[in-house]
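All letters in the sequence shown, in the order written, are residues 1 to 135 by the UniProt record's numbering. Here's the structure we're looking at; comments come further down.
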Amino acid sequence: MVESLNSKVKAWELERKIPFLYDKAPLLHTLEEYAVLRRERDEEKRRSREQKRLQEQFIAEQEALYGSRSANKKPLGLSTSANTMVGTPTTRRGANPFSHHANSTGKQRRESRAHNVTPVNYVALSKEDSVSRGC
1 MVESLNSKVK AWELERKIPF LYDKAPLLHT LEEYAVLRRE RDEEKRRSRE
51 QKRLQEQFIA EQEALYGSRS ANKKPLGLST SANTMVGTPT TRRGANPFSH
101 HANSTGKQRR ESRAHNVTPV NYVALSKEDS VSRGC
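See below:
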C-alpha cells in the first residue's frame, strides 16, 4: 500500500513539477520516514523472537543436562529456620491487641443502631407546634 502511494505521488510530482505536500511537508519524505520506522520495528520484532527462541533452547538444554525443575522445590532465599511463623497469616483484626474488645463493642453498637432506626416517613415537630395544638 505504501509502495503504491509512493509511486502515485512520484508520478504526480513528475507530471506537475512541484512537490506533493501534506501538512506543509513533502509527502514522499513522510512516506520514507514511515518506511524506515516500519523496517526498524519489524527488525526489533525479529530480534525479540530470535532472543525468545534462543532462551527457550537454552532452557531445554539445561533441563536435558540437569533435569527439569520440580514444582515443589523452594526458591532460594526462603528461610527454613525456627524464627519463621508457621501456619496461616493473621488478619489485621487478629493482629490488633484490642481486637477481642473491639469485636464485642462493634456488635453492641450494631444492635443499638438496629433499635434506634428512624422511619423514612418520620416528621419531626418542634415542641412549640405540639403545645399550640394542645397535645
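Don't be surprised by glycine CBs; every beta carbon is placed ideally from N, CA and C. Just so we're clear, the structure is a prediction, and the values are computed from it rather than from any experiment.
Is the beta carbon of residue j closer than 8 Å to that of residue i?
i: VAL2; j: ALA35; result: yes
Using 8 Å for Cβ pairs, my map puts residue i next to residue j. What's the rounded Cβ distance?
i: LEU21; j: LYS10; result: At roughly 14 Å, the Cβ-Cβ gap does not stay under 8 Å, so LEU21 and LYS10 are not in contact.
i: LEU31; j: LEU54; result: Wrong, their Cβ atoms sit about 35 Å apart, outside the cutoff.
Below 7 Å, is the gap between the Cβ of residue i and the nearest heavy atom of the ligand FAD?
i: PHE58; result: Among the components modelled here there is no ligand, and therefore nothing to report on the ligand FAD.
Write down every uninterrupted run of the alpha helix (DSSP H) in the segment 8-70 whose length is 4 residues or greater and which is fully enclosed by it, in chain order. Counting only runs of 4 or more, we get 27-66.
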